[in-house]
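Only one structure is covered here, and it is reproduced in the block below.
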Amino acid sequence: MTTDASTLRSMMIPDPAYEPGMKVYTMKLGMWVFLLSEVMFFTSLIGSYVILRFAHPDHFAAPGVVLNVPLTAFNTFFLICSSVTMVKAFAAIQQGDDTGLKLWLLATILIGSLFVGIQAVEYYILYHEGFVPAAADYHAAGRQGMEGGPIVGGPLYGATFYTMTGFHGAHVTIGVICLTFVLIRALRGAYTQNDHRGVELIGLYWHFVDLVWIILFTIVYLI
Amino acid sequence: MATTAVTAEQHAATAQHHHEPGFIRTYVFSTDHKMIAKQFLLASLFFLLVGGLLAAGIRWQLGFPGQPMPLIGGLFSDTTAPGGIILPEFYNALVTMHGTFMIFFAIMPLLVGVWGNYLIPLQIGAPDMAFPRLNMASFWISVPAGVIMLAGFFVQGGHAGAGWTAYAPLSSEPEYSGVYMGQILWLISLTILGFSSLAGAVNYITTVINMRAPGMTWFRLPLPVWALFVTSWLVLLAIPILTGGLIMLLFDQTIGTGFFSAATDGEPLLWQHVFWYFGHPEVYILILPAMGLVSEVIANRSRKPIFGYHAMVLAIIAIAFLGWVVWGHHMFQSGMNPLLGTTFMITTIIIAVPSAIKVFNWLGTLWRGDLHFDVPMLNALSFVSMFVIGGLSGIFMASAPVDIFIHDTYYIVAHIHYVLFGGSLFGIFAAITYWFPKMFGRIFSPVLGKVHFWLTFVSYNLVFFPMHTIGLRGHMRRIYDPNQYEFLQPLQPINTFITIAAFVLIATQLIFAFAFFWSMYKGEKAPRNPWKANTLEWTAAPTPPPHLNFPGGAPVVYRGPYEYSWPGSTDDFLPQDLPPDRVSRTPIPSEPSPMSTGD
Amino acid sequence: MTTDVQHSGHAEGEIHEAPYMLIFGALIVLTLAEVGYAFLSLPKFWLALGLIVMAFWKATLVALYYMHLRFEPKRLWVLALSPLPLVVILIVAVLTEF
Amino acid sequence: MENWSWLMDGSASTFGPTIDRLYLVILIITGVVFFATQGALIWLLIKYRHRAGHKAEYIHGNTRAEVIWTVIPFVIVLGIALASRGAWAQVKDPQNIPPNSLPVHVMASQFEWDVTYPGLDGQLETGDDFTVRNRMDVPADRPTHVILEAEDVIHSFFLPDFRVKQDAVPGMVMNVWFQPTRTGEFVIGCAELCGIGHTRMRGTLTVHSAADYQAWLNEQSQP
Ligand code: HEA
Ligand code: HEA
Ligand code: CUA
Ligand SMILES: [Cu+2]
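Those protein sequence lines, which keep their order, are chains A, B, C and D.
So for the first sequence, my numbering puts the first residue at 1; every next one is plus one.
So for the second sequence, my numbering puts the first residue at 1001; every next one is plus one.
So for the third sequence, my numbering puts the first residue at 2001; every next one is plus one.
So for the fourth sequence, my numbering puts the first residue at 3001; every next one is plus one.
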């Protein structure tokens, strides 16, 4: 078989159009890749919920009957606020504003913790109203129904609710812990206008968790 | 400008690791991808051995039902095999754990953990992984997972016994299986292992995208890197689905949530969907890297460019894509909507097309080549041959009406082993023997290697080919005592025959273990490029490669990886990093390869 | 570690004063709209559809502006969107079962 | 091993031969592919084995050949899939259950098959239903419609001679049908791992001639 001269030539020179990579720095790329797997993780939980709900609508209640929508709407508001403080922290360090970075980070941590706290309270109340994950003990009477009223929904409601929101809450908690690390590093002056990758990375994670909550709030509480 | 990014990263890395690391940092908590690869190699070979021994138990029961196991019979407790006679619940645990160890703890790390770690940085010309510490974590997370999984054998109630597929509600409610702790440990272990795989996948993907050496364009990547890259995507996106499912199943077991149990209106079929949505991509996770590794060996040992490089790459991608839309073929008889079954039948069967491309391109590579039948080549060729058999039996099952009969029979067991042993494991044997000189600086004993290969090849076929026939006679799988069924009693001689062959097969593997360690310490010292290969790990890095791989900085790549026998050069290979002005005018002096026996 | 060279993506060196507060306002308004909409007595289908549209809108805003996807190279877009078809495939296929 | 056959002996249901024929067609196709590829492989190995002074040819590929060996398998496998559709729908689509079938209820549980007959009136869930364990008796002249359920875990209703296999899933009702083509005794197996007793969960299916069946039914229906 003969060899074509032009293919040979192209074989010999390093590709002039070569440019490795994603045009974003490696850690950011890594964070994005990791977040994709998180998408799939929540897909398996949320997908199961959607399917179970579709198959057994009678297990679930209309918005506000069992779950406390106003409380959670406030909580949603807080989480959105924490996203804003997070981008503000990032914007601050982009301009070299070290103090701004620290303050906004602190705000994000506080609001994030508040979110987790409110969620814990919510769990506590719901649990005591009989809205539990264990199928055998499920006896949620609903917001209006009070104790002894007819049971609203079925065990799949509690199971899916706690699994989904619980894993989201765990993600928020991990986010708060990581943010604390970032804050400590910020206090030590680890971030500068030129290098603030840590802030950007935790920001990506934090906003992703916020994004998941946007979906969860809608499909769990409102639909 | 982006090229500078790579070098900058390298400088940074060099600056970081200037001091000599101590013993613990070198051998235990190492961040060096090569050391991590070796750790994975030893750990997963150990689990391969465990899986093989469990198979021996399975085969003993099937070949000699109800008879006490010889020699080791006395070692078992009264709840597993009193007096050496295997109990049904122990048999179920044997089958379950055989599948689990083989899939999750042996083949998957052997392919992805070992070769992803070892080859990706070396073949793309990177100093290490993008996240070396995450990489270390990836190995050390898998250790507790393995320990927990092994611990399951010693807990009350025995180990998990619901099959490696753990169909709910058998797996979710202890009163149905009699297993409680074992199943929980199984779930926890696999959840943990998921994090290990995930850490690996993030690393591999990022590394391949961002850390290629200058000149290493996408279509100059060696095929193992392509295969591992695509596989990493499957791992990244499929494992979390399993993790979610495992967690729900764990909640069912422990809290009593009832996702998958009908008593609370949960959906048993949902578990199957979740499991197989992960499970089918998983089986391609178990074959694609082997395909890549084998392509490398075949091209090299044929001294020819791989036939249709682009088609090979596209076929890998196509298999990975199609792999996402076929999971229902495991559920044809599960009561799934028959219309959905038709869809899955069509998508499944279309996967044969990219697989065909791969097979024929391997044959095309051999055509007009100069074939050297060294140990890696023998194993690689057997991969091709056995994968065809396993793939073709997949066609029968892909046809949903035919699957009605053969589903859950030994026909499936035959399929599994033709693709996973005949395919993946032969691919792994090829890869271990091919890269052994690079990893350990010595050559894998050609004599022992050939003995191991031929004995394995023959006894393997004697074990697994007859399984097709007993499957077609209706022999169900996961069945403790087939003689309970009168119509299966005539098959007992075949089962006994299979068992004897299986013991030969397992014993043969001891030759491999011996050859492995013998070659590591006593094998012939390897020259730098014993296979006269083109890829960077042989041409640009010393043997064994030092920390950060390329002492002279990132190599520059000028051409694709399979430029063998180019007529313009006096040598029959053209290293990827050989500058064009040094080609053919100054042929590289190369030592004669001791392995090219020239038969 | 060195960074200046690594911030070589076309958008990274410069600062994008993304309209953070504007997005914040939009998210709040959409959240309120969602809660209000959820309590309208509409048929289930329209209820779900409207809420999902709004949720996606919010999610998109977060991804585009807070996660800076707007200012990232195209190839990162492709990467970021890659799991979405898989999500849809899984849920839609299994839903046809019931 | 007298009267050996590869596939389990002659099928005993109306759609059995269809499935067996399909199997045979695939066997022939894959058999040809098998011998072609393995033959080609061995031929190549012998022809191009290393010989002194022999050099490999520098061939990168051949687009035409690659297109051919992509298109031909595509056509073949698509053909197999299309050819399989009819049989699949015939066996599994509930719409294709013959209307004159004899309804029989089968409840699978660890580790037995409880078979409930409609009794003399031919209707399930009436007073004269009766239940037998681990055996099933059906008439030869009429299709049987098995209404399949499971009590605890998943089992699989396997009639090897009839080419019938259907998982019984707790919480779901499966519809299975078959029409025997000959009388005799056949085996009922459980094909899905269902626990410790999976291996012994079997029963007997007896196909009676029409008259015998009626006699059997009368006998069973005696109080
Ligand atoms: C490495 C792993 C691996 C690989 C690569 C495959 C590949 C394939 N598998 Fe397999 N499979 C498993 C591992 C694997 N499988 C396992 C572990 C199980 C059992 C799980 C369990 O239940 O425990 C299973 C089960 C399984 C089932 C379910 C059976 C059942 O439970 O009833 C089906 C059904 O369709 C199937 C089909 C296929 C097909 C069509 C392919 C195709 O990809 C094969 C394509 C290849 C070829 C076809 C050969 C080469 C092509 C040519 C030479 C071209 C010419 C060919 C033609 C014209 C036909 N597999
Ligand atoms: C890669 C996967 C893999 C491999 C290699 C094997 C290997 C073997 N398998 Fe297995 N098998 C499965 C995956 C695998 N299996 C799966 C997924 C199932 C389904 C489980 C389920 O139903 O849930 C199954 C089920 C299964 C069954 C069906 C059980 C049943 O349904 O009741 C049987 C029965 O004979 C069997 C037998 C064997 C035998 C005899 C081997 C032999 O080939 C074993 C040979 C021995 C070895 C391969 C060990 C070699 C060790 C080394 C080489 C190590 C060297 C060591 C050092 C250097 C330290 N297997
Ligand atoms: Cu019932 Cu197996
Ligand atoms: Cu599959």
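Where is the CB? At the ideal position from N, CA and C, for every residue including glycine.
Since residue 1165/B and residue 1247/B should fall inside the 8 angstroms C-beta cutoff, what is the C-beta to C-beta distance between them, to a whole number of angstroms?
Going by Cβ atoms, the distance from residue 1165/B to residue 1247/B rounds to 17 angstroms, so no, they are not a contact pair.
Using a Cβ-Cβ cutoff of 7 angstroms, what residues of the region 1203-1217 of chain B are near chain C? List them in chain order.
So nothing in the stretch comes that close.
Can you grab the Cα-Cα spacing for the pair residue 1343/B / residue 1439/B, in whole Å?
About 46 angstroms.
Give the straight-line distance between the Cα atoms of residue 2005/C and residue 2067/C, rounded to the nearest whole angstrom.
Note that residue 2005/C scores a pLDDT of 36, beneath 50, so its modelled location is shaky; the value from the coordinates is reported in the next line. Taking the straight line from one Cα to the other gives about 22 angstroms.
Under the three-state reduction of DSSP, which class applies to residue 1481/B: helix, strand or coil?
In the structure shown, residue 1481/B sits in coil (DSSP, three-state: anything other than H, G, I, E or B).
I'd like the span of the beta strand (DSSP E) that includes residue 2058/C, first residue to last.
Counting along the chain, residue 2058/C falls outside any beta strand (DSSP E), though it belongs to the alpha helix (DSSP H) covering 2044-2061.
Please classify residue 3113/D: does DSSP put it in a helix, a strand, or coil?
Of the three classes helix, strand and coil, the one that applies to residue 3113/D here is strand, per DSSP.
Tell me the DSSP secondary structure of residue 65/A in three-state form.
DSSP places residue 65/A in coil when its eight states are reduced to three.
Tell me whether residue 3050/D sits in a helix, a strand or coil according to DSSP, three-state version.
Looking at residue 3050/D - three-state DSSP - the assignment turns out to be coil, as it is neither helix nor strand.
Please go through the same chain and pick out, in chain order, the residues whose beta-carbon is closer than 6 angstroms to the beta-carbon of residue 217/A, but skip the five residues on each side of it.
Cβ neighbours of residue 217/A beyond the five flanking positions: 76.
Pull up the distance between the alpha-carbon of residue 1334/B and that of residue 3191/D, whole angstroms please.
In a straight line, the C-alpha of residue 1334/B is about 11 angstroms away from that of residue 3191/D.
Thinking C-alpha only, which one of 1332/B, 1558/B and 1457/B is nearest residue 1400/B?
Checked all of 1332/B, 1558/B and 1457/B; the closest Cα to residue 1400/B is 1332/B.
Rounded to a whole number of angstroms, what is the C-alpha to C-alpha distance between residue 2952/D and residue 1402/B?
The displayed coordinates of chain D run from 3001 to 3223. Any statement about residue 2952/D would go beyond what the structure contains.
Report the CB separation of residue 1477/B from residue 1491/B in whole angstroms; it is logged as a contact under 8 angstroms.
No, residue 1477/B and residue 1491/B are not in contact; Cβ-Cβ is about 13 angstroms, not under 8 angstroms.
In the structure shown, what three-state DSSP assignment does residue 195/A receive?
Correct three-state label for residue 195/A: coil.
Alpha carbon to alpha carbon, how far is residue 1299/B from residue 3049/D?
Looking at the two C-alpha atoms, the distance is approximately 14 angstroms.
Give me the Cα-Cα distance between residue 1380/B and residue 2061/C, rounded to the nearest whole angstrom.
Those two C-alpha atoms are separated by around 51 angstroms.
Residue 3227/D lies in the beta strand (DSSP E); which residues open and close that run?
The displayed coordinates of chain D run from 3001 to 3223. Any statement about residue 3227/D would go beyond what the structure contains.
Count the other C-beta atoms from every protein chain shown that fall within 10 angstroms of the C-beta of residue 1296/B, then say buried if there are 16 or more, exposed otherwise.
When all chains shown are included, residue 1296/B counts as buried.
Quick one: is residue 2096/C near chain B, going by C-beta distance under 7 angstroms?
By this cut-off, residue 2096/C is an interface position.
Does residue 1340/B come within less than 7 angstroms of chain C when only Cβ atoms are used?
Residue 1340/B counts as touching chain C.
Between the region 1026-1038 of chain B and the region 1127-1135 of chain B, can you find at least three pairs of beta-carbon atoms closer than 8 angstroms?
Taking 8 angstroms as the limit for Cβ pairs, the verdict is that the region 1026-1038 of chain B does touch the region 1127-1135 of chain B.
When the Cα of residue 1255/B is compared with those of 51/A, 133/A, 191/A and 72/A, which residue comes out closest?
If we check each option's Cα against that of residue 1255/B, 133/A comes out closest.
Tell me which same chain residues have a C-beta within less than 7 angstroms of the C-beta of residue 1230/B, skipping the five on either side of it?
1288, 1316, 1317 and 1320.
Where does residue 192/A land, buried or exposed, given buried means 16+ other C-beta within 10 angstroms?
That one is exposed.
Mind the definition here: the region 176-187 of chain A touches the region 103-117 of chain A only if three or more C-beta pairs lie below 8 angstroms; say whether that holds.
Yes: at least three Cβ pairs fall under 8 angstroms.
Which stretch, first to last residue, makes up the alpha helix (DSSP H) that contains residue 1043/B?
1033-1063 is the span of the alpha helix (DSSP H), which, as asked, contains residue 1043/B.
Which same chain residues, not among the five before or five after residue 1089/B, have their C-beta less than 7 angstroms away from its C-beta?
For residue 1089/B, where only same-chain residues beyond five positions count, the Cβ hits under 7 angstroms are 1158, 1161 and 1178.
From the DSSP output, read off the bridge partner residues of residue 3155/D.
Looking at the DSSP assignment, residue 3155/D forms a beta bridge with 3168/D.
Rounding to the nearest angstrom, what Cα-Cα distance links residue 1424/B and residue 26/A in this structure?
Roughly 32 angstroms between the two C-alpha positions.
Quick check: the Cα distance between residue 3120/D and residue 3212/D, rounded to an integer number of angstroms?
Rounded to whole angstroms, residue 3120/D to residue 3212/D spans 14 angstroms at the Cα level.
Among 3200/D, 3161/D, 3021/D and 3147/D, which has the Cα closest to the Cα of residue 3094/D?
Per the Cα distances, 3147/D.
Can we count residue 1476/B as close to ligand 3, meaning its CB is less than 6 angstroms from some heavy atom?
The answer is no for residue 1476/B.
Applying the 10 Å Cβ sphere with the 16-neighbour rule, what's the burial state of residue 1264/B?
When all chains shown are included, residue 1264/B counts as buried.
When you compare the CB positions of residue 1404/B and residue 1526/B, do they come within less than 7 angstroms of one another, or not?
No, they are not a contact pair.
Shortest alpha-carbon distance to residue 112/A belongs to which of 214/A, 173/A, 49/A and 42/A?
Closest by alpha carbon: 173/A.
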